[in-house]
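Undergrad: Starting off with a structure, shown below.
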Amino acid sequence: MVCAKPVYRAGKEGVTGGRPPWAARGARGEELVWEMQERIARFDTERFRTLGPGYLALSVAGEAGELANFMKKLWRKDPAIARPDGFAPVTQEDRAQIGDEIADIVMLCVVLANHLGIDVEVELARKLEVIDDRLQTGYFGAEGRT
Ligand SMILES: [Mg+2]
């Protein structure tokens, strides 16, 4: 779904002003997805060179590859990484590296979404409903609980 009021338009026209009424701050005052999307748009406007959607998509894939490569190395050290209980052996240092790669991936995805006028928060909520519907109709992938 494309948001009615894009937070960013390609061509560095800048960020549209104001938080939409539905994007209320969290109960603890934390930054919500829309606010982070707007913040990344502002940073992108001020600091980044405009890249095309193809370049951005390849960059997302490249960063996902970096994450996968790091996880592969952890897997080599400890095959438990492949199992549902494999989170425990991941050290704090490894978690920091994983977090860094995740930030790269998410940021590039948000930049792509911003240029295309896609509201990430709306898309995340919609997708969770789609997955929930699938699970309720009996589709259970490896991640679904039966
Ligand atoms: Mg990276």
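38 is the number that this note's numbering gives to position 51 of the sequence shown; each next residue is one higher, with no gaps. All residues carry an ideal CB built from backbone N, CA and C; glycine is no exception. All values derive from a computational prediction rather than experimental measurement.
Expressed to the nearest angstrom, what Euclidean distance is found between the alpha-carbon atoms of V47 and V98?
TA: Roughly 10 Å between the two C-alpha positions.
Undergrad: What does the Cβ neighbour count give for E31, buried or exposed, with the cut at 16 atoms within 10 Å?
TA: The amino acid at residue 31 is misidentified as Glu; the sequence shows Asp. Counting Cβ neighbours within 10 Å, D31 comes out buried, since at least 16 surround it.
Undergrad: Would you grab the beta carbon distance between I92 and E50 for me? Rounded to a whole angstrom, and I think it's under 8 Å.
TA: At roughly 5 Å, the Cβ-Cβ gap stays under 8 Å, so I92 and E50 are in contact.
Undergrad: Please confirm whether any heavy atom of ligand 1 lies closer than 6 Å to the CB of E22.
TA: The answer is no for E22.
Undergrad: Using the C-alpha atoms, what's the distance from W62 back to A69?
TA: Each residue's alpha carbon lies about 7 Å from the other.
Undergrad: How is the alpha helix (DSSP H) around A100 delimited, first residue to last?
TA: Here the alpha helix (DSSP H) through A100 covers 79 to 103.
Undergrad: Under 7 Å, CB to any heavy atom of ligand 1. Which residues pass, going along the chain?
TA: Working through the chain, the matches are E50, E53, D87, E88, D91.
Undergrad: Any idea if Y(-5) is buried or exposed, counting beta-carbon neighbours within 10 angstroms, 16 or more meaning buried?
TA: Unreliable placement is indicated for Y(-5), whose pLDDT of 46 sits below 50; the coordinate value is still reported in the next sentence. So Y(-5) counts as buried.
Undergrad: Given that a residue counts as buried once 16 or more other Cβ atoms are within 10 Å of its Cβ, and exposed if not, what is I27?
TA: The residue is buried, with at least 16 neighbouring Cβ atoms inside 10 Å.
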